[in-house]
Amino acid sequence: MKWVLPFALLLLTSCGDDHDMADVTVSFRHVVEESPLVLNLVDYGNEVGESYNVTRLEYILTDIVLMRDDGTSVNLRDVFYVRVPENETGDGADETTRFLTRRIPGGSYSAVSFRFGVPAGAAFGDLPNEVNLNQMEWPVPMGGGYHYMRIEGLVEGGAEPLLAHLGPSRGGDFSFVVELPIDLFVDGEQTQVQITMDVDRWWQPNIYTFTGRGMIMGNPQVQALLSDNGPGVFSAASIP
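Residue numbers (the numbering used here): 20 to 259.
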């Protein structure tokens, strides 16, 4: 991991024209089958016809970088916490995003890459001492460390809770790296990269059912299922 590597050093070792440096903003958007995710108010359906809503969605990304065709990269953020606002309503659901901004060298970038979650071996307290990160602690009896993600809600109109918590169950590493192609050219003007999470894709292609599922934090097999589905959850695009 690169949490302690100075950002200035990464800029010095990256290719690009410093005269064309500009701010790039990465925004995080959350949808369900192309429709903006709305917390609390909307019921969705999974692949086997079970209905669910989402009341909470939060997660941690690490080692977020922009990549060039020649293999060099520019660090955007070592650790980033994303949470969909709990008071989000249908009127503002398409603005359900979090943002990070970094000034980067000019030039062409072909991909954005990040790790979903925290790499193996990271103990609780290794990440920056911030309230949002501290409340993501993974229970010590289940391996310790950090939650990678919490998706919570209700299943079948409230018959059962939805508790899709992904993390280092029993000490395992269920984090994964995502690399998303983009077509980004930085030439001195502010630009934006939008990363979209489609919540529905957490439940496929490996089918994840809700009924009778309960807590999954102590179940490495289910953690592996979600981890395998994870890379297909994301897409990215540059926005002029």
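All C-beta atoms in this analysis are idealised placements derived from N, C-alpha and C, irrespective of residue type, glycine included.
Please read all numbers here as calculations on a predicted model, not as lab measurements.
The segment 182-191 makes contact with the segment 155-165, as at least three CB pairs between them are under 8 Å. Setting aside the 5 residues that flank it on each side, R117 is surrounded in the same chain by F47 and V101, each with a C-beta closer than 6 Å to its C-beta; the list follows chain order. Contact between A256 and I170 does not hold, since the beta-carbon distance rounds to 23 Å and is not under 8 Å.
For the pair of segments examined, the segment 135-147 was found not to touch the segment 48-60: the number of CB pairs separated by less than 8 Å stays below three. In this structure, the CA atom of Q240 is about 12 Å from the CA atom of N225. DSSP places N72 in the uninterrupted beta strand (DSSP E) bounded by S70 to M86. The three-state secondary structure of S127, taken from DSSP, is strand. When DSSP states are grouped into helix, strand and coil, M168 belongs to the strand group. Residue burial annotation: M155 is buried, with at least 16 other C-beta atoms found within 10 angstroms of its C-beta.
Proximity to G125 across V98, P138 and S92 peaks at S92, based on C-alpha coordinates.
M168 counts as buried, since at least 16 other C-beta atoms from the protein chains shown sit within 10 angstroms of its C-beta.
D219 counts as buried, since at least 16 other C-beta atoms from the protein chains shown sit within 10 angstroms of its C-beta.
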